Amino acid sequence: MKAKIIANKNFCISEIDNRIYGSFLEHIGRVIYEGIYEPSHPCADDMGFRQDILDFVKKLALPIVRYPGGNFVSAYNWEDGTGEKTKRPRKFESAWQSIETNQVGIDELQEWARRAGSEIMLAVNLGTRGPQEAQNLVEYCNLETDTYYANLRCQNGFKEPFHIKTWCLGNEMGGLGQIGRKTADDYGKIALETAKHMKRADPTIELAVSGSSHVNMPNYGKWDLTVLDYTYPFIEYLSIHQYYGKNGSTEEYFAKPLELSEYIRSAVAMCDSIKAIQKSDKTVHIAFDEWNVWGNSDLINFPKGQVAPHIGEASYTFEDALVVGMMLITFQNHSDRVKIACLAQLVNAIAPIMAEKNGKSWVQTIFYPYLYASLYGRGTAMRPVIECDSYKTREHSCVPYMEASVIHDEAVKTVTVFAVNRSLDEDIGLTIELEGIGNCELFEHIELFSDNLSTVNSPENQAVTPQNRECASSEILLKKHSWNMIRYRY
Ligand code: AHR
Numbered sequence: 000m001k002a003k004i005i006a007n008k009n010f011c012i013s014e015i016d017n018r019i020y021g022s023f024l025e026h027i028g029r030v031i032y033e034g035i036y037e038p039s040h041p042c043a044d045d046m047g048f049r050q051d052i053l054d055f056v057k058k059l060a061l062p063i064v065r066y067p068g069g070n071f072v073s074a075y076n077w078e079d080g081t082g083e084k085t086k087r088p089r090k091f092e093s094a095w096q097s098i099e100t101n102q103v104g105i106d107e108l109q110e111w112a113r114r115a116g117s118e119i120m121l122a123v124n125l126g127t128r129g130p131q132e133a134q135n136l137v138e139y140c141n142l143e144t145d146t147y148y149a150n151l152r153c154q155n156g157f158k159e160p161f162h163i164k165t166w167c168l169g170n171e172m173g174g175l176g177q178i179g180r181k182t183a184d185d186y187g188k189i190a191l192e193t194a195k196h197m198k199r200a201d202p203t204i205e206l207a208v209s210g211s212s213h214v215n216m217p218n219y220g221k222w223d224l225t226v227l228d229y230t231y232p233f234i235e236y237l238s239i240h241q242y243y244g245k246n247g248s249t250e251e252y253f254a255k256p257l258e259l260s261e262y263i264r265s266a267v268a269m270c271d272s273i274k275a276i277q278k279s280d281k282t283v284h285i286a287f288d289e290w291n292v293w294g295n296s297d298l299i300n301f302p303k304g305q306v307a308p309h310i311g312e313a314s315y316t317f318e319d320a321l322v323v324g325m326m327l328i329t330f331q332n333h334s335d336r337v338k339i340a341c342l343a344q345l346v347n348a349i350a351p352i353m354a355e356k357n358g359k360s361w362v363q364t365i366f367y368p369y370l371y372a373s374l375y376g377r378g379t380a381m382r383p384v385i386e387c388d389s390y391k392t393r394e395h396s397c398v399p400y401m402e403a404s405v406i407h408d409e410a411v412k413t414v415t416v417f418a419v420n421r422s423l424d425e426d427i428g429l430t431i432e433l434e435g436i437g438n439c440e441l442f443e444h445i446e447l448f449s450d451n452l453s454t455v456n457s458p459e460n461q462a463v464t465p466q467n468r469e470c471a472s473s474e475i476l477l478k479k480h481s482w483n484m485i486r487y488r489y
């Protein structure tokens, strides 16, 4: 099969906000404890952070990390995770029905993020708490005033404020299982008051209002329009979430990124319709601050009443990696409106990086498309014209065999093409025409491929790893069901 990509330097989607390569650290399962933090591990640093995990995270050049939840935040008292560690309360936490030792809180996380070279997107609890506690947290993190919470941070050893810029007004507040779940009106009102309070304390912060938890919410759309209408003048982002699972054939699974694209378009339309109704000159963007494929994990029947239980420890197949690769391409191709996206999550629970207790760390198949997108998907997303055949599924009348994005990085004079061949049995002979860029030389072709779509990585065997391919002089070979990164310099 043949395919063609034409891209012209002058036809661009947008400059990419690097924060679309963000991730997520929730207090769930072994993400924090036995994940990023394990003081007794041989690789632990002076604060108990695992260096081997930090090394993987540094490789990813992680731009932003959402914290501390997720469902967890909806019953969380942020004060519990600050100050002298021996005095912190050990509590039952209701979101994941675990024991929370509070040995990691915002004090530690901001230090972890600093060591990882990342920034934090901090969520406030709007499930069991409200505007005042959220404003106190802003004061604690960001202010230098001679006031109670700012002074408390200094007493806890942090004279310099944490300067946290991006904040979430709760998490999935319309979600069925959310603690303190609200109607759209009730949430809209509390989110508005909280936003005002937080911005009075620090007018430089940016806020994300909690939109749809997923596209199949019973009140999907109405929820978003209502909460946007309440909060529009005070927010910068609509936060939306989506996980995709394989619940049919591979062909159908491979079509999920088209649904993602449609979901983003609808979310943008909802933001823009409230903009029009309110006659606002501000544009609200999308923070897709939880996304992933769900894998084979179970977030219902998990162990209860434990510290750091094994929750959601999915093992990801090669086929999952292709879907993740296509979702990243989708975010790049919507970079005019998606400014933040967080792969949920980073370590152990539905995660690209795995950490064994007191043992080694390793990466899942999905790590690789994420790594390369984050490293080489920076710059300006060009608007590619794609010519290729398509197939049909029960739900989609036209699924192109190839999904692709083209990123121009003027600073380092490169153009990077990310391309996935969806076909289960045919290779693609790809021609790429780059216009307006001068003489381009193809200098790198990296491929992720396995004959068997079900292949997984394990601590013993990194069965799926990227391979360097010879650079083609004319047609580029995209193997059947493969992910590819093709780079040009000029
Ligand atoms: O990432 C796991 C959970 O999925 C999060 O806590 C919640 O926000 C989402 O539904």
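Numbering-wise (numbering that gives the first Met the number 0), the sequence shown opens with residue 0 and increments by one. No residue lacks a Cβ here, since even glycine has one placed at the ideal position from N, Cα and C. Since the structure is predicted, the reported quantities are computational estimates derived from the model, not experimental observations.
| Query | Result |
| --- | --- |
| Given 8 Å, three or more beta-carbon pairs between the region 338–349 and the region 410–420 | no |
| Check whether Ile119 and Ile163 have beta carbons under 8 Å apart | yes |
| Cβ separation of Glu386 and Lys3, assumed to be a contact under 8 Å, to the nearest whole Å | 4 Å |
| Close Cβ partners of Asn483 (< 6 Å) along its chain, the five nearest in sequence each way excluded | Ala418, Glu446 and Leu477 |
| Assigned exposure category for Leu175 - 16 Cβ within 10 Å defines buried | exposed |
| Reduced DSSP category for Ile263 - H, G, I as helix; E, B as strand; rest coil | helix |
| Simplified DSSP assignment, three categories, for Gln154 | helix |
| Integer-rounded CB distance, given that Leu433 should sit under 8 Å from Ala6 | 6 Å |
| Proximity test, Ser93 beta-carbon vs ligand 1 heavy atom, cut-off 7 Å | no |
| Contact under 8 Å by Cβ, Ser117 with Glu171 | no |
| Rounded separation between Tyr367 and Thr464 - CA only | 7 Å |
| Check whether Arg488 and Glu409 have beta carbons under 8 Å apart | no |
| Cβ contact (3+ pairs, closer than 8 Å) linking the region 278–289 and the region 73–88 | no |
| CB contact flag (Ser97, Gln305, <8 Å) | yes |
| The region 87–102 in contact with the region 395–404 per 3-pair CB rule at 8 Å | no |
| Separation of Thr329 from Ser396, as counted between CA atoms | 19 Å |
| Nearest candidate by alpha-carbon position, reference Gly126, set Gly173, Tyr243 and Glu318 | Gly173 |
| beta-carbon Gly47 near ligand 1 non-hydrogen atom, thresh 7 Å | no |
| DSSP beta-bridge partners of Leu168 | Val123 and Val208 |
| Reduced DSSP secondary structure (H/G/I, E/B, other) of Arg421 | coil |
| Buried versus exposed call for Asn467 [16 or more other C-beta atoms within 10 Å across all chains shown] | exposed |
| Ala74 CB to nearest heavy atom of ligand 1 below 7 Å | no |
| Whole-number beta carbon distance between Tyr236 and Lys245, since they are thought to touch under 8 Å | That pair is no contact at about 29 Å. |
| The region 183–190 in contact with the region 222–234 per 3-pair CB rule at 8 Å | yes |
| Three-way DSSP call (helix, strand, coil) for Phe10 in this model | coil |
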